[in-house]
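FYI, in mature numbering (1 follows the signal peptide of the UniProt record, and there is no 0) the residues of the sequence shown are -22 to -1, 1 to 105.
The beta carbon of each residue, even a glycine, is placed where N, CA and C say it ideally should be.
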Amino acid sequence: MLRKAAMLTSVLALALTAGVQAPKTHTGVWDNITSIEETGDIVGARVEVFDGPRPYVLARICEGECPPEPLRSPAVIKGDTITFDYRMDSNPPDTLHVVGRFTRKGLVLRTYPDAEEQLLRPAKPDA
């Protein structure tokens, strides 16, 4: 009887731990920056996401050229969606509201007020 109870306890413990999954993380780097040969312009975006208790992003949005340093911005991550604001150093300064969703292919971003969707593929962090 004691042996059956021990075996049952072991099976239950195994079943309970097998159902526990590590929390899903979206921490990573996504990029689609490219150079246009004809004009020499650099376009696209690079976003490094850090989730956790206070999620944030380091982002570069390139339009003609890339800013020298990425912008750090707080982010809101809910499920597979992310939102953050990106302050552009234009004249006058402008703020883009960025909404994205994590997919199997990468991070799909949409910037408002522009609202054009773009796919950023997984990338390696800068060294």
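On the three-state DSSP scale, how would you describe residue i?
i	result
residue 68	coil
residue 3	coil
residue 42	strand
residue 9	strand
residue 73	strand
residue 104	coil
From what residue to what residue does the beta strand (DSSP E) around residue i run?
i	result
residue 23	20 to 28
residue 55	49 to 56
residue 89	85 to 90
residue 100	95 to 101
Excluding the 5 residues preceding and the 5 following residue i in the sequence, name in chain order all residues of the same chain whose CB lies nearer than 7 Å to its CB.
i	result
residue 21	12, 14, 40 and 41
To which residues of the same chain is residue i closer than 6 Å at the C-beta, ignoring the five residues directly before and after it?
i	result
residue 33	53 and 55
residue 77	61 and 88
residue -15	Because residue -15 carries a pLDDT of 46, less than 50, the predicted location of this residue cannot be relied on, and no value is offered for it.
residue 74	64 and 89
Tell me, please, which residues DSSP counts as bridged to residue i.
i	result
residue 79	59 and 86
Sorted by chain position, which residues of the same chain lie with C-beta nearer than 8 Å to residue i's C-beta, five sequence neighbours on each side aside?
i	result
residue -6	Legend: pLDDT at residue -6 = 48, less than 50; position of this residue unreliable, value from coordinates given subsequently. Here the set comprises nothing.
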